[in-house]
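J.: Please find one structure pasted underneath; my questions will follow.
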Amino acid sequence: MQLRTFITSSFFTRSIFVVSLFLLLFISGIFYRHSVALNESTEWVFHSYKVQAGLANLLSNAKDAEAEQRGYLLTGDSTFLVQYGDARQKINTSFRTLRKLTGDNLRQLSNLDSLNMLVSLRFNYLSDILKKAGAGQLDKRQLDASMALGKDLMYKISDLADEMNKVESLDAKVREKKYKNEISFTPIFLIMLLLFSLLIIVLSYVKITNDVDILKKANRALQITTESFKHAEEIGDFSSWQWNFTTNKLIYSDNQYRLLGCEPGSFEPNLASFTEFVHPEDRHVISEGETTVINSREPSVAYFRIIRKDGELRYFKSIGKFLTDINGDKNLIGINVDITQQRYDSMALESKNMELEQTNSELASFNHIASHDLQQPLRKIQTYISRINDSEAGNLTEAGLRYFSRIKASADHMRRLIDDLLLFSRANKAEKVFEQADLNSLLENSKQELTTIIEEKNAVIIGDKLPVLHVIPFQIEQLFTNLIGNSLKYCKPDVRPVITIRHTTIKAKDYPFNKPGAGYNKYSKITVKDNGIGFEQEYAESIFRLFHRLDHTADFSGTGIGLSICKKIIENHSGHILAESAPDEGATFTFFLPA
Numbered sequence: 011m012q013l014r015t016f017i018t019s020s021f022f023t024r025s026i027f028v029v030s031l032f033l034l035l036f037i038s039g040i041f042y043r044h045s046v047a048l049n050e051s052t053e054w055v056f057h058s059y060k061v062q063a064g065l066a067n068l069l070s071n072a073k074d075a076e077a078e079q080r081g082y083l084l085t086g087d088s089t090f091l092v093q094y095g096d097a098r099q100k101i102n103t104s105f106r107t108l109r110k111l112t113g114d115n116l117r118q119l120s121n122l123d124s125l126n127m128l129v130s131l132r133f134n135y136l137s138d139i140l141k142k143a144g145a146g147q148l149d150k151r152q153l154d155a156s157m158a159l160g161k162d163l164m165y166k167i168s169d170l171a172d173e174m175n176k177v178e179s180l181d182a183k184v185r186e187k188k189y190k191n192e193i194s195f196t197p198i199f200l201i202m203l204l205l206f207s208l209l210i211i212v213l214s215y216v217k218i219t220n221d222v223d224i225l226k227k228a229n230r231a232l233q234i235t236t237e238s239f240k241h242a243e244e245i246g247d248f249s250s251w252q253w254n255f256t257t258n259k260l261i262y263s264d265n266q267y268r269l270l271g272c273e274p275g276s277f278e279p280n281l282a283s284f285t286e287f288v289h290p291e292d293r294h295v296i297s298e299g300e301t302t303v304i305n306s307r308e309p310s311v312a313y314f315r316i317i318r319k320d321g322e323l324r325y326f327k328s329i330g331k332f333l334t335d336i337n338g339d340k341n342l343i344g345i346n347v348d349i350t351q352q353r354y355d356s357m358a359l360e361s362k363n364m365e366l367e368q369t370n371s372e373l374a375s376f377n378h379i380a381s382h383d384l385q386q387p388l389r390k391i392q393t394y395i396s397r398i399n400d401s402e403a404g405n406l407t408e409a410g411l412r413y414f415s416r417i418k419a420s421a422d423h424m425r426r427l428i429d430d431l432l433l434f435s436r437a438n439k440a441e442k443v444f445e446q447a448d449l450n451s452l453l454e455n456s457k458q459e460l461t462t463i464i465e466e467k468n469a470v471i472i473g474d475k476l477p478v479l480h481v482i483p484f485q486i487e488q489l490f491t492n493l494i495g496n497s498l499k500y501c502k503p504d505v506r507p508v509i510t511i512r513h514t515t516i517k518a519k520d521y522p523f524n525k526p527g528a529g530y531n532k533y534s535k536i537t538v539k540d541n542g543i544g545f546e547q548e549y550a551e552s553i554f555r556l557f558h559r560l561d562h563t564a565d566f567s568g569t570g571i572g573l574s575i576c577k578k579i580i581e582n583h584s585g586h587i588l589a590e591s592a593p594d595e596g597a598t599f600t601f602f603l604p605a
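Offset between the sequence shown (1-based) and this note's numbering: plus 10.
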C-alpha cells in the first residue's frame, strides 16, 4: 500500500514539476520580454536626448563659425580662418550624426534637410564675405547687408532647431512615460519570479522529504515482507523461483537451496543444475511442464521426486505461471513445495481407506446375513413355537410353559432387533434423494402407521402446522414414527399420553450448532414433547447411541436402535437433535432442519 502510494505520489510530483517548470519558463519569458521592452524604452529616451544634444551642438558650431568670421573680419588674423574651418567640419559631423539618429522619423528627416539647407546657405554667405574681404572688395554697405542676411538665416536655423527639439521633447515625454511604466513593473516581475521560485523550491523540498519518508517506510515494509516471506518459506517447506527468458537468468530463493539439501548460493541457479537433483524417471516432467506453461500461457502444476544432496528422496509439487513484466521481459515464475509428508500421509490414508472398504464390505456381508440368513432360521423357530403353542401347550408343565413363554419373547425380541438393524442400515446407506415435501403429510403417514397403539392407549397428538422442506421424505416419516412411538412406549401407567409438536423458524446466527460455511440462512426448529415417565438428563446424549437402553426400561420392549436411527436421519439432513427430560416429567426431543 505504501509502495503504491509512493508511486502515485512520484507521478504527482513529476506532474507538479513539469507544470511548475512550464510556469517558471512562462514567467521568465514574460520577464525577458519586459526587460527587452525596458531596454528599448531606455534607448528611445536616450535617443531623444542625443538628438537634442546633436541639435545643440550643431547650433553651437554654427555660432562658433560666425564668431570666427567676425574675429577675422575685425582683426584680419588668419588663425580665425583655421578655427572657422574646424567649425565647418564639426557641423558636417553633427549632420551625419543627426541623420543616423532621425533615420526612422520622416518628419525629423525633412526638418533636418531644411536645417542643412539653411546652414549651407549661411556658410555660403560667410564664405562669400570672407572671399571679398580677402580680395579687398568688401565695403561697409555690403558687409552690413551680408551680416543682416546672415543674422536672419541664424534666426531661421534656431527656429527650425527649436521645432526639432520640440518634436523630440514630445517624443521624449511619451518614451519617458513608457519607460516609467516599464520600470515600475520590473520589481513586480522580479518579486513574482523570486516568490514563485521560492515556492517551487519549498514545495519541492517538502515533497521530496515526504517522498523520501514514504520510500523509507516502503523499503522497511518491503524488508519486513521479504524477511517474513523467507521465514514463511522455511516454515511451509516451499521455495520461490523466477526465470527470465530475455536474459536466460534463473533466480532462486534461499529456501530453494535448503529444500535440495544445499547451502544458499552454493551452486549456479540454472535448469541443468536443478535437473541433476530430479529423479531420473521424473526429469521428463520438468521439460514437459516448461513447454506446457510457455505454449499455453496458463499456470501449470507438476509433481516429481527429488534426490537431495544427502541422498534423501523427497516429493515436490511445482506450480509455474508465465507473465510479461513492465519492461516487456517474458518470465516464468513459480514455487516448489516439499509435499513429502503429505505424500506419506496420503499413502497412509489410502491404506486406511482400503481397510475401511474391507470393513464396509464385511459390514455389508453382516447386513446381508442379518436380513436374509438370520431371518430364515428365526422364521422356522417362530413357526415351531406357534405350532407348539397351538397343539402342545396343554401338555406342558407350569415350568415348561414359563420356559416356553421366555423362548417366544426372545424370538420376538430377535425379530424386532433384526428389523431395527435393517432400518438403521437403510438410514445409513440409503440413497439420499432430497425433494420438497410437506412435513404435515409425512406426520399423518406416521400417525396412520401407529394407529393401533394410538387407539389402544387413547393418545392425543396436537401441534403446529409444519413447513414444506427439502428433505428425504421416507426418512423424515421414519423420524416422526420413531419419536412418537418412543413417547407412546414410555408413557405413564393409567395416564393418557399427550404428545405436543411445535415448530418455529430461527435465523442461522441463532442456531446453536451452526458451522462456518454451512451455507444455510434459516433453520426449522421442531419439538416433540410428551408427558411420559422421562429420564435423567445425564442420559440425554447416551440414549442416541446404538443399542443403548436405560436401566429403568427393562420392563419396556425395545432394542436401543430407534433413537440412533433418528440421530442418523437428522445427520443426513445436516441438522441436529437433542433431548431434555427429568424423571416423571416427560421428555422433549428437539431437532433442527435447514429451512
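Where a beta carbon is used, it is the ideal one built from N, C-alpha and C, also for glycine.
The model shown is predicted, which means the values in this text are computed figures rather than measured ones.
Within a Cβ cutoff of 8 Å, which residues of the same chain sit near Val129, ignoring the five residues on either side of it in sequence?
T.: Leu68, Ala72, Ile101, Phe105 and Ile167
J.: Please classify Ile536 as buried or exposed, where buried requires at least 16 other C-beta atoms within 10 Å of its C-beta.
T.: buried
J.: Measure the alpha-carbon distance for Asn258 versus Ile345 and round it to whole angstroms.
T.: One alpha carbon belongs to Asn258, the other to Ile345, and they sit about 18 Å apart.
J.: Given a cut-off of 8 Å on the beta-carbon distance, is the pair Ser591 and Gly544 in contact?
T.: yes
J.: What number of angstroms, rounded off, separates the C-alpha of Glu243 from the C-alpha of Ser249?
T.: Taking the straight line joining both Cα atoms gives about 6 Å.
J.: Determine the contact status of Ser574 and Phe599, defining contact as a CB-CB distance below 8 Å.
T.: No, these two residues do not count as a Cβ contact at 8 Å.
J.: What does DSSP give as the partner residue(s) for Phe599 in the beta ladder?
T.: DSSP, once it has assigned bridges, lists Val538 and Ala589 as partnering Phe599.
J.: Let's see if you can read the secondary structure: which residues bound the alpha helix (DSSP H) around Gln458?
T.: Annotation: the continuous alpha helix (DSSP H) that includes Gln458 extends over Leu449 to Glu459.
J.: Figure out for me which residue from Thr285, Asp540 and Gly473 has the closest Cα to the Cα of Leu449.
T.: Gly473
J.: Using a 10 Å radius around the Cβ and a threshold of 16 neighbouring Cβ atoms, would you call Tyr500 buried or exposed?
T.: Its Cβ being crowded by 16 or more others within 10 Å, Tyr500 is buried.
J.: Using DSSP with H/G/I as helix, E/B as strand and the rest coil, what is His583?
T.: It is coil, neither helix nor strand.
J.: Give the list of continuous alpha helix (DSSP H) stretches no shorter than 4 residues that lie fully inside the stretch 277-361.
T.: 281-285 and 293-306
J.: State buried or exposed for Gly527, treating a residue as buried only when at least 16 other CB atoms are found within 10 Å of its CB.
T.: Residue confidence is low: Gly527 scores 44 on pLDDT, short of 50, so the model does not pin down where it sits. Its coordinate-derived value is still stated next. Within 10 angstroms of the beta-carbon of Gly527 lie fewer than 16 other beta-carbons, which makes it exposed.
J.: Excluding five sequence neighbours on each side, which residues of the same chain lie with their C-beta closer than 8 Å to the C-beta of Gly64?
T.: Ser104, Thr107, Leu108 and Leu111
J.: DSSP three-state call for Glu173: helix, strand or coil?
T.: helix
J.: Have a look at Pro503 and Met357 and give me their C-alpha separation to the nearest angstrom.
T.: 59 Å
J.: Is Asn492 helix, strand or coil when you go by DSSP?
T.: helix
J.: In whole angstroms, give me the CA-to-CA distance for Leu170 and Lys187.
T.: 26 Å
J.: With Leu333 and Leu479 assumed to form a contact (beta carbons below 8 Å), what rounded beta-carbon distance in angstroms separates them?
T.: No, Leu333 and Leu479 are not in contact; Cβ-Cβ is about 49 Å, not under 8 Å.
J.: Please state the DSSP three-state secondary structure of Phe133.
T.: helix
J.: Phe248 bridges to which residues according to DSSP?
T.: Val347
J.: Keeping to the same chain, check which residues put their C-beta closer than 6 Å to that of Asp247; ignore five residues upstream and five downstream.
T.: Asp348
J.: How close, in whole Å, do the beta carbons of Leu452 and Pro483 come, if the pair is a contact with beta carbons under 8 Å?
T.: 6 Å
J.: Using C-beta distances below 7 Å, list every residue in its chain close to Gln62, excluding the 5 sequence neighbours before and after it, in chain order.
T.: Asn175 and Glu178
J.: Where DSSP assigns a beta bridge to Lys532, which residues make up the other side?
T.: Listed as beta-bridge partners of Lys532 by DSSP are Lys517.
J.: Measuring CB to CB, does Ile391 end up less than 8 Å from Phe414?
T.: no
J.: Mapping the DSSP letters down to three states, classify Leu260 as helix, strand or coil.
T.: strand
J.: According to DSSP, simplified to helix, strand and coil, what is Leu69?
T.: helix
J.: Pick helix, strand or coil for Leu119, following the three-state DSSP scheme.
T.: helix
J.: Whose C-beta lies closer than 6 Å to the C-beta of Ser584 among residues of the same chain, with five residues either side of it excluded?
T.: Pro604
J.: Give the secondary structure of Ile471 by DSSP, where H, G and I count as helix, E and B as strand, and everything else as coil.
T.: strand
J.: Who pairs with Arg397 in a beta bridge, going by DSSP?
T.: Per DSSP, none; premise fails for Arg397.
J.: Among the residues of its own chain, which have a CB less than 6 Å from the CB of Asn468, if the five just before and after it don't count?
T.: Arg506
J.: Under the rule that 16 or more other beta-carbon atoms within 10 Å means buried, what is Gly330, buried or exposed?
T.: buried
J.: Alpha carbons only, please: which of Val311, Asn582, Glu466 and Pro477 is nearest the one belonging to Val443?
T.: Asn582
J.: Going straight from the alpha carbon of Tyr521 to that of Phe601, what length do you get?
T.: 11 Å
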